[in-house]
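Note that my numbering has the sequence shown beginning at 126, numbered continuously upward. A short write-up of the structure that comes next.
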Amino acid sequence: MDSVDLNVLRSVLEWRRAGQRVVLYSVVQTWGSAPRPPGAMLALRGDGVVIGSVSGGCIEDDLIARLQDGRLADDGPPVQLVTYGVTRDEAARFGLPCGGTLRLTEERVDDWGWVAELLARCEDHQVVARELDLTTGAVALSAASKTDVVSFDGERLRAIYGPRWRLLLIGAGQLSRYVAQMARLLDFEVLICDPREEFVYGWEEQHGRFVPGMPDEAVLNIQTDERTAIVCLTHDPRLDDMALLTALNSTAFYIGALGSRVNTQKRRENLAALGLSEDAIARLHGPIGLHIGSHTPAEIALSLMAEIVAIKNGVAPVQKKPLAVVAQ
């Protein structure tokens, strides 16, 4: 699930707790070149305020108009389907690509208990399925797998929600500050571990959360999972390799360490000498980042986050020349 949609649900919960009327829209089906995938969400508050997106913008305008011109009656059905872009003229009117069609559920959020429960489960790093009965408006939550996908059979919508992607940075130096800023813009939860007190000054709480202890302890304590990336940026093998020995045997989807090709080769040899398997060492990304000719800390941070996002999204980055592991 796109974590942007988690922010939509957080707003739904806040608005309903404040007594506001809320209608939730979810993309359930698309045909042609639709601008947003199934599962994308938008919440419309009773005064016309919106959060989220189901299209490029024109459909959002029409959804607000439905509220303002009275098409959203309080005594209407709790859920109904709304379709846009059936004809070529409608596709042009609503800013959809030629031939694009979009179907949404229009769901009145009366009982918002499921929103609070779903968000709590995601905060606990669970993957959750939400099943919406279009006839009654009833919502049921259940455990789901990270491989599950959105499904809709005309009567029930089953949408999948998961926790935010996380980035654990080993080291709190200058480069880490740039990486943290970019990662937060990309909606990653940022965690930092650095036992060197000298590097902690100047970090604000909104830039990330510090994890106490040594790097290997931090990798264990955050309960690393498939939605976690770990990057070692201290340039000190005593700290970086400590984290890597634990991280490379975890389920983290990305594990990288700062260093030149020569230093990366030495690191791989050291990890092999410390007993790490070839398969585990092969998971290490280094030198980190996509090749964009980076020189400054900001450019290195950009190349790193581009590589992490590519792998997160299932896009294979440009392959680098592999480094051999020399057994000791």
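Heads up, the beta-carbon is just placed ideally off N, CA and C, and yes, glycines get one too. Bear in mind that the values here come from a model prediction, so they are computed numbers and not experimental data.
The three-state secondary structure of residue 410, taken from DSSP, is strand.
Contact holds between the stretch 197-211 and the stretch 225-240, because three or more Cβ pairs, one in each stretch, are under 8 Å apart. Under the three-pair Cβ rule at 8 Å, the stretch 416-428 does not count as touching the stretch 388-395. In the displayed model, residue 177 falls within a strand according to three-state DSSP. Between residue 375 and residue 344, the beta carbon gap of about 6 Å places them in contact (Cβ cut-off 8 Å). Assigned with DSSP and collapsed to three states, residue 390 falls in helix.
Residue 335 has 317 as its beta-bridge partners, per DSSP. Taken through DSSP and simplified to helix, strand or coil, residue 348 comes out as coil.
Restricting attention to 306, 323, 153 and 249, the CA atom closest to the CA of residue 256 is found in 153. Residue 401 and residue 390 have their C-alpha atoms spaced approximately 14 Å apart.
Inclusion of residue 340 and residue 368 in the CB contact set at 8 Å is warranted, their separation being smaller than that value. Residue state for residue 155 is assigned as strand, using DSSP reduced to three classes.
Across the set 404, 354, 149 and 346, the C-alpha of 149 shows the shortest separation from the C-alpha of residue 240.
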